[in-house]
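Using full-length UniProt numbering, the letters of the sequence shown correspond one by one to residues 1 to 253.
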Amino acid sequence: MSDHATQRGGDATVAILGSWGYYGLLDDARSYPVETPYGAPSDDVVIGTAHGRRVAYLTRSGRERNIPPHRINHRANIWALHHLGVRHILAATPAGAFDPGVGVGTVVVPDQLVDRTGRTDDTFHDDEDVRVSFARPFAERTRAAAIDALRDQRWVVADGGVVVVIRGPRFSTAAESRWYAAQGWDVVSTAPYPEAALARELDMGYACVALVTDHDVIAETPWPVSQERVQDELDANTLRLREALIRAAAALS
1 MSDHATQRGG
11 DATVAILGSW
21 GYYGLLDDAR
31 SYPVETPYGA
41 PSDDVVIGTA
51 HGRRVAYLTR
61 SGRERNIPPH
71 RINHRANIWA
81 LHHLGVRHIL
91 AATPAGAFDP
101 GVGVGTVVVP
111 DQLVDRTGRT
121 DDTFHDDEDV
131 RVSFARPFAE
141 RTRAAAIDAL
151 RDQRWVVADG
161 GVVVVIRGPR
171 FSTAAESRWY
181 AAQGWDVVST
191 APYPEAALAR
201 ELDMGYACVA
211 LVTDHDVIAE
221 TPWPVSQERV
231 QDELDANTLR
241 LREALIRAAA
251 ALS
């Protein structure tokens, strides 16, 4: 990467990491290709201006939505953002809620995480014995900025909860979904792990912003998960959600 790009990228300390519909949200946007020790990120990092603040954006699923969850190069993505000077990550993701009382369109900002991905590419420390505290996987300041911005935009927000992270691309079986619910966990997603752990290793504040798109595959729900259901909810809510994330990013800058 050129010295100019590194210096220019360093003026964005907050990034939105998402999977859908965020291109075009920044003014004076410029793309920064980043070479990392872990291969190529999902796409160039886009840096621009919103509400007078410099903000970065990276899609985890690729500009053409051609990267499924199990093929995302999370290490390259997080390393690239850190390399450009990012210190806070607002990570947007669709999620399924296990409680039918949690309405579709609710945004959950979890404070705990359970990893069920089985991934091994979840550390930068492959060649040294380093242990990282992960008791509280999400950064409180980053979470608070997201919650405040969402409430200002009049979203229904669940402050806290447990997100169980699965590898994808398949959805849960009915037995898995019932088991997750029985543990008292709140939502399921494919995104926050290993992102949160990698961000912690680089001392970056990370918050998960989970838009409830369905009720997974629990019995008797009128909102079972399907790819079409998830996409419909994302399409209906992306513009409004991205405005809240931009406001949160500006508050953190």
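Yeah, the Cβ is synthetic: ideal placement off N, Cα and C, and Gly gets one too. None of these values were measured; they are calculated from a predicted model.
Other residues of its chain near D3: CB distance less than 6 Å, five sequence neighbours each side excluded = In the sequence shown, residue 3 corresponds to position 3, counting from 1. Here the model assigns D3 a pLDDT of 35, short of 50, so the residue's position is not dependable, and the following value carries that caveat. Correct list: empty, nothing qualifies.
* Where does the unbroken beta strand (DSSP E) through P94 begin, and where does it stop? -> Working through the sequence shown from its first residue, we reach residue 94 at position 94. P94 -> beta strand (DSSP E) spans 88–97.
Please name the residue, chosen from D11, W185, V165, that lies closest to T93 on a Cα-to-Cα basis.
Along the sequence shown, one-based indexing puts residue 93 at 93. Measuring from the Cα of T93, the nearest candidate turns out to be V165.
Check: Less than 8 Å separating the beta-carbons of V114 and W179?
Finding: One-based indexing of the sequence shown puts residue 114 at position 114. One-based indexing of the sequence shown puts residue 179 at position 179. Going by C-beta atoms, V114 is not nearer than 8 Å to W179.
Notebook entry, point to check: For L150, which residues from the same chain have a beta carbon less than 7 Å from its beta carbon, with the 5 sequence-adjacent residues on both sides left out?
Noted result: Stepping through the sequence shown from its first residue, residue 150 is reached at position 150. Only V107, V157, A244 meet the Cβ criterion.
Can you name, in chain order, every residue of its own chain whose Cβ lies under 6 Å from the Cβ of A5, other than the five neighbours on each side?
The sequence position of residue 5 within the sequence shown is 5, counting from 1. For A5, the predicted model reports a pLDDT of 39, less than 50, meaning its position is unreliable; a value from the coordinates is still stated below. Taken in chain order, the residues that qualify are Y32.
**Study point:** Simplified DSSP state of R136, which is helix, strand or coil
**Key:** The residue given as residue 136 occupies position 136 in the sequence shown. Coil at R136, not helix or strand.
Query raised in the report: Are the CB atoms of N237 and G105 nearer to each other than 8 Å?
Result: Position 237 of the sequence shown, counted from the start, is the residue given in the question as residue 237. Position 105 of the sequence shown, counted from the start, is the residue given in the question as residue 105. Cβ distance < 8 Å, so N237 and G105 count as in contact.
- prompt: Which parts of the segment 177–240 are runs of the alpha helix (DSSP H), unbroken and 4 residues or longer, counting only runs that do not cross its ends?
  reply: 192–201
Check: Can you name, in chain order, every residue of its own chain whose Cβ lies under 8 Å from the Cβ of Q7, other than the five neighbours on each side?
Finding: Counting from 1 along the sequence shown, the entry for residue 7 is found at position 7. Residue confidence for Q7 is low, a pLDDT of 39 falling below 50, so the modelled location carries little weight and cannot support an answer.
ask   = In three-state terms, what does DSSP make of E243?
value = Within the sequence shown, numbered from 1, the residue matching residue 243 stands at position 243. If DSSP states are grouped into helix, strand and coil, E243 belongs with the helices.
Rounded C-alpha distance that separates R154 from A182
Working through the sequence shown from its first residue, we reach residue 154 at position 154. Working through the sequence shown from its first residue, we reach residue 182 at position 182. Each residue's alpha carbon lies about 30 Å from the other.
- prompt: From G85 to A207, what distance separates their C-alpha atoms?
  reply: Working through the sequence shown from its first residue, we reach residue 85 at position 85. Working through the sequence shown from its first residue, we reach residue 207 at position 207. Answer to the nearest angstrom: the Cα atoms are 17 Å apart.
- Query: Between M1 and D43, what straight-line distance do the alpha-carbon atoms span, to the nearest angstrom?
  - Reply: In the sequence shown, counting from the first residue as 1, residue 1 sits at position 1. In the sequence shown, counting from the first residue as 1, residue 43 sits at position 43. At M1 the pLDDT is 36, less than 50, meaning the model places this residue with poor confidence; the figure from the coordinates comes in the next sentence. Their Cα atoms are separated by approximately 14 Å.
**Request:** Please check the pair L81 and A145, which I expect to be a contact at CB under 8 Å, by giving their CB distance rounded to whole angstroms.
**Result:** On the sequence shown, position 81 is the one that residue 81 refers to. On the sequence shown, position 145 is the one that residue 145 refers to. Actually they do not touch by this definition, with Cβ atoms about 17 Å apart.
Next on the checklist: Helix, strand or coil, according to DSSP, for A12 in the structure here?
Outcome noted: The residue given as residue 12 occupies position 12 in the sequence shown. A12 falls in the coil class under three-state DSSP.
Below 6 Å CB to CB, which residues in the same chain sit around A250 once its five sequence neighbours on both sides are set aside? Indexing the sequence shown from 1 puts residue 250 at position 250. So the qualifying residues of the chain are H51, R53.
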